[in-house]
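Per my numbering, the sequence shown starts with residue 12, numbered consecutively.
Yeah, the Cβ is synthetic: ideal placement off N, Cα and C, and Gly gets one too.
These figures come from a predicted structure and were not determined experimentally.
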Amino acid sequence: MSKRGAFVVIEGLDRSGKSTQAATLIKRLQESNVPSKLIKFPDRTTPIGKLIDSYLRSETELDDHAIHLLFSANRWEVASSIVKDLENGTTVICDRYAFSGIAFSASKVDPSSKPVDTSTSDGSSVAPTHSTRPPLLPYSWCRAPDVSLPAPDLTLFLDILPHIASQRAGYGGERYENQEHQERVRELFSRIAEEVEAEGVGRWVVLDGGLELKEVEEAIWREVKEALRGGDDGELGSVKRLWD
Ligand code: FDM
Ligand code: MG
12 MSKRGAFVVI EGLDRSGKST QAATLIKRLQ ESNVPSKLIK FPDRTTPIGK
62 LIDSYLRSET ELDDHAIHLL FSANRWEVAS SIVKDLENGT TVICDRYAFS
112 GIAFSASKVD PSSKPVDTST SDGSSVAPTH STRPPLLPYS WCRAPDVSLP
162 APDLTLFLDI LPHIASQRAG YGGERYENQE HQERVRELFS RIAEEVEAEG
212 VGRWVVLDGG LELKEVEEAI WREVKEALRG GDDGELGSVK RLWD
């Protein structure tokens with residue numbers, strides 16, 4: 012059997028540079044004659060993806076549970092083709108994956124809910140914010156629909172502070188692109204990173220997305236070359252599943 016391809020996911024907040032870096036990475040892989048393919052979630056081209064697109068543009072309202080399941084279904088639509096590609100020796104670069112699914116949904120709050128506790132030690136109270144309201148969807152519920160999807164060998168998390176991201180071009184056009192929500196998304200990504208490490212679901216590497224493009228590109232390239240070698244034992248082994 013030929014050596015299988017590596018499954019590399021790029022994650023981060025909106026405007027962290029994921030899509031730019033994914034495009035550069037695929038170009039470099041192809042120049043190095045590594046069979047590779049770029050995919051992205053949400054894939055807005057499928058029938059499910061079109062519903063997601065319309066929701067993100069705020070043209071459609073959907074129940075929060077329903078949209079979460081659609082995002083997951085949008086991954087299940089191509090799960091078997093990802094495994095097939097990897098087994099045929101193609102390296103798959105994936106712009107967002109199940110980790111975005113958990114982080115963006117589990118960070119939602121009901122704006123009309125009662126804040127958790129906004130009283131201060133002197134008895135006065137502060138205005139409730141996104142982070143003082145209880146979550147709308149339980150974390151474990153958000154994680155469940157993606158169980159058994161192919162697990163990445165490497166996840167590159169492009170870390171950026173929400174207020175820096177918000178100054179980048181193109182920010183603010185879609186649902187979720189506001190600083191309060193993104194602060195909470197960033198906290199959830201740290202929780203996910205801990206679980207990925209604890210459960211050995213591939214490697215999770217945090218890269219500083221605030222650096223110059225070229226520096227981020229080089230850091231990504233170093234990590235991907237290592238992943239292609241198969242890590243410490245030089246063996247990628249069979250494709251693992253989230254979260255087992
Ligand atoms: N997003 C993305 C989710 O809420 N759940 C998911 O499962 C995925 C893959 O969709 F705000 C959110 C993240 C982002 C939005 O993503 C659209 P792009 O990368 O900007 O198209
Ligand atoms: Mg976006």
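In chain order, V212, G213, K251, R252 and L253 place their CB closer than 6 Å to the CB of A162, counting only its own chain and leaving out the 5 sequence neighbours on each side. Taking a C-beta distance under 7 Å as the contact criterion, A204 and L218 do not qualify as a contact pair.
For the ligand MG, the residues with a Cβ under 7 Å from any of its heavy atoms are, in chain order, D25, E185 and E188. Exclusion of S65 from the 6 Å shell around the ligand FDM follows from its C-beta lying no nearer than that to any non-hydrogen atom of the ligand. In the structure shown, R252 adopts extended strand secondary structure according to DSSP, grouped into three states.
According to the DSSP secondary-structure assignment, R214 is paired through a beta bridge with L165. In this structure V45 does not touch T131 by the C-beta definition: roughly 56 Å separates them, more than the 8 Å allowed.
Pairing Y108 with F18 gives a Cβ-Cβ distance that is not under 7 Å. Counting of Cβ neighbours within 10 angstroms places P149 among the exposed residues, the total staying below 16.
When the Cα atoms are used, D164 and N189 turn out to be separated by approximately 31 Å. Close CB contacts of I113 within its chain, under the 8 Å cut and outside five residues either way in sequence, are with Y150, C153, R154, D157, L199 and I203 (chain order). Only residues of its own chain outside the window of five on either side were considered, and among them N85 and E88 have a CB closer than 8 Å to the CB of T57, listed in chain order. The C-beta of K29 has 16 or more other C-beta atoms within 10 Å across all chains shown, which makes the residue buried.
The shortest CA-to-CA distance from S159 to any of K125, A209, I93 and D25 is the one to I93. Taking R55 as reference, the option from R68, G16 and D121 with the minimal CA-CA separation is R68. The alpha helix (DSSP H) runs of length 4 or more contained entirely in the stretch 34 to 72 are, from start to end of the chain, 58 to 67. In the DSSP annotation of this structure, I171 is not part of any beta strand (DSSP E), being labelled neither H nor E. The three-state reading of DSSP puts D219 in strand, counting E and B together. When the Cα atoms are used, S116 and E22 turn out to be separated by approximately 15 Å. Nearest Cα to P122 within the set D133, S201, C105 and P146: P146.
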